[in-house]
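For the sequence shown, our numbering assigns the number 2 to the initial residue and increments by one for each residue that follows. See below for the structure under consideration.
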Amino acid sequence: MLERKWKLRKIVNDIPLNFKFLLIFFIGVLLPIILLNLLFMDRMSDLIKSREEQNLEISLERARKDIHDYLDGGVAVSHALSRDKTLYEMLDQIYEDPLDFYTAFDEQLRHRVTSYMPVNNQIQRITIFTDNESIVSGGNYQVINEEVRNSDWYKLWKKSNERVLVTAYQATDSSDKALTAPYLSVIEKMDYIDHFDTYDKLLRIDIDLSKIYDVIVRERDYLNLYLVNEHNQIIMSAQSGYQRNSADPYTVFKLPEQYSNEDVHMVSIGTAKYVKGWRLIGMAEGTRITKAMIDMRLFIGAIAAAVTLMATMFIYVMLRSYNYRVKRLSRHMQKVSNEKFDLIQIDEGRDEIGGLIRNFNGMTAKINALINNVYKLEIQKKNLEMERVRAELNFMQSQMNPHFLFNTLNAILVVCTKNNYADVTDIIKSLSKLLRRLLSWKEDLVSLEEELVFIEMYLKIEKFRFREKFDYQFEIEEEALGYKIPKMSIQPLVENACKHGIQAIDGLGTVRISATVKDARLRVVIADNGKGMEAAKLREVILAVRNENSSGTSIGIRNVYRRLELYYDDQVRFDIVSRPDEGTEVSYEIPLKLLDHT
């Protein structure tokens, strides 16, 4: 026994974990789902069949009740008219001439019959027949003549010897004498009042067959209905309808070959004597049950598919979680054998595999630290990076200062040439201050106030140069003056506005410098009303500014942008807006939390 257990355990242990998960899925999840769905489907099939059988019975009873109500309503109207004393009196009266009858008709008979029809919309026509020949035939009142006595309905009534008869027959269509049409009528002899029995009186109420046909067609989704009389003749059905343009007798009902007795449902129309033998036969088409079964199978199949899909996704996620981490651990173990001590950079999790990965990372980190002296390498790397940044800053500053000095000296030269070396005292003083400030500026960061003093000296030189053609404005918030910014981070932008914006226009050129504090950010804006730039040129300038390898174009703006980026990373917002003939606006925003304050 123990040997068998050991062999079974060995067999299970030898199975790869991937296959173990698949076996768990197929045997523990998929197979139970399939078996449960098959059992559930079988049970649901029985319930659906039982429910549909009840629906068929309800449908048959609903149709029977409506048809019975139509017939019973006709009989009720017949009884009411058969007991109308005024009607008897008028029908037994001898009229001297047609005018005498029409007078009585207008006074008593015109609405005597038709008043019942609005509330009994299943009644198509009400006709009273009498052998009183002084009555003029027409409308609802007819004289019993030879034609009436030879009609099918009259013969059927005579043959039945019943006081009230409900019968179906073929007769000449009232709207077209060349055609025949089916009729369903309630026929009753009017002999309830003895002292008005001078003439025979017969009442015929024609039922509107379309109403009954609508009932039969209404139930077509459930049953194929046949209305059968006491002689087993089909009076009406959903397939053949009731419109017949021939005098052929009604077809005798026979069970079609494709139906079995189980498919046939039969019910009597009523218990009254006048509908004795009348039946409503319904044959289940099978389509409704079939559709219900298909819908049920589709629904259960969809549920089974959804459950299977969810289980599959769950197993896949579990398997992938295990498989991915184990493979990563295996690869890194192979790297260790090749003297590569890389850490496994994944979310290792808190399960057993996660514990293995954490232990492996800890072991690898210790080995790597002992071999490579991580701490010294990190310090050396940081020092190298700081030196690189400092060298780049110094290089850009050295690029700016000669460029600025060259432009300033060139301006002095132009002015002195034009003015024969007169009135240059102020500009030389301003230039001296500028040179002294440049030589004395040792810090990389200066207050905004110091930077603006430097800018104002530069603008005085430009004002001297351009005279009445140039002006400048400062819009500085008091709160902004104490924040420290990189030196020379405004002057290149002002110089660029004077050189490329103001110099190219004929009218008064204005440079506006503003500094505000808003939304916890310092915003500096340098704007001019110069010639501006087209959209294509603006895109070219922006690309040149943001491209580290760019040279020769927009060097002043690019150096300002690069220095701000080195100091404040991606926290700074730098923007250029320009429109042709409207000027250019260069702005940048720095979060206050990154700025020192004096």
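Positions of the beta carbon are idealized from the N, C-alpha and C atoms, including for glycine.
- Contiguous alpha helix (DSSP H) elements confined to the segment 285-344 occur at 288-338, taking only those with 4 or more residues.
- Along the length of the segment 119-175, whole alpha helix (DSSP H) runs at least 4 residues long occupy 147-150 and 153-161, reported in chain order.
- Ser-490 is positioned such that its CB atom lies no closer than 9 Å to that of Glu-450.
- Of the residues Tyr-459, Lys-159, Leu-523 and Ala-505, the one whose Cα lies closest to the Cα of Ser-448 is Leu-523.
- Beta-bridge analysis with DSSP links Leu-185 to Ala-169.
- Rounded to whole angstroms, Arg-564 and Glu-480 show a C-alpha spacing of 24 Å.
- In this structure, the CA atom of Asp-445 is about 19 Å from the CA atom of Ile-556.
- Here Asn-497 carries a helix assignment [DSSP, helix/strand/coil].
- In this structure His-501 is buried. Its beta-carbon is surrounded by 16 or more other beta-carbon atoms within 10 angstroms.
- A residue is called buried once 16 or more other Cβ atoms fall within 10 Å of its Cβ, and Gln-346, having fewer, is exposed.
- With respect to the C-alpha of Asn-548, the residue from Asp-215, Lys-538 and Asn-560 having the closest C-alpha is Asn-560.
- For Asn-233, no alpha helix (DSSP H) segment is defined, and its DSSP state is neither H nor E.
- DSSP, read as helix, strand or coil, puts Gly-584 in strand.
- Per DSSP, the beta-bridge partners of Gln-474 are Arg-513.
- Beta-bridge partners of Ser-579 (DSSP): Thr-585.
- If the five residues before and after Val-587 are omitted, its C-beta is found closer than 6 Å to the C-beta atoms of Leu-494, Ile-527 and Ile-577, all from its own chain and listed in chain order.
- Shown here, Glu-220 sits in coil according to DSSP, grouped into three states, outside any helix or strand.
- By the Cβ test, the segment 155-166 is not in contact with the segment 86-100, since fewer than three Cβ pairs between them sit closer than 8 Å.
- The Cβ-Cβ distance between Ile-188 and Ile-217 does not fall below 9 Å.
- Beta-bridge partners of Val-253 (DSSP): Gln-234.
- Cα atoms of Ser-51 and Met-45: separation of roughly 10 Å, rounded to the nearest angstrom.
- Per the Cβ contact rule, the segment 104-124 is not in contact with the segment 216-232 (fewer than 3 Cβ pairs under 8 Å).
- Taking the CA atoms as reference points, Ile-514 sits about 8 Å from Tyr-473.
- By the Cβ criterion, the segment 227-234 is not in contact with the segment 119-126, since fewer than three pairs of Cβ atoms, one from each stretch, lie closer than 8 Å.
- In this structure, the straight-line span from the alpha carbon of Leu-23 to that of Ala-306 is close to 18 Å.
- Here Leu-72 really is in contact with Val-276; their C-beta atoms are around 6 Å apart, less than 8 Å.
- By the beta-carbon neighbour count (other beta carbons within 10 angstroms, threshold 16), Met-534 is buried.
- With respect to Val-144, Asp-132 sits close: the two C-beta atoms are nearer than 9 Å.
- Of the residues Asn-324, Leu-460 and Leu-204, the one whose Cα lies closest to the Cα of Ser-83 is Leu-204.
- In chain order, Met-284 and Ala-285 place their CB closer than 6 Å to the CB of Asp-264, counting only its own chain and leaving out the 5 sequence neighbours on each side.
- With contacts defined by Cβ atoms closer than 9 Å, Ile-282 and Met-297 do not form a contacting pair.
- Excluding residues up to 5 positions away in sequence, His-69 lie with their Cβ nearer than 6 Å to the Cβ of Gly-271 in the same chain.
- Of the candidates Phe-130, Tyr-89, Leu-32 and Asn-162, Tyr-89 places its Cα closest to the Cα of Asp-195.
- In the structure shown, Val-525 falls within a strand segment according to DSSP collapsed to helix, strand and coil.
- In the three-state reduction of the DSSP assignment, Arg-280 falls in the strand class, which pools E and B.
- Beta bridge pairing from DSSP links Ile-354 with no other residue.
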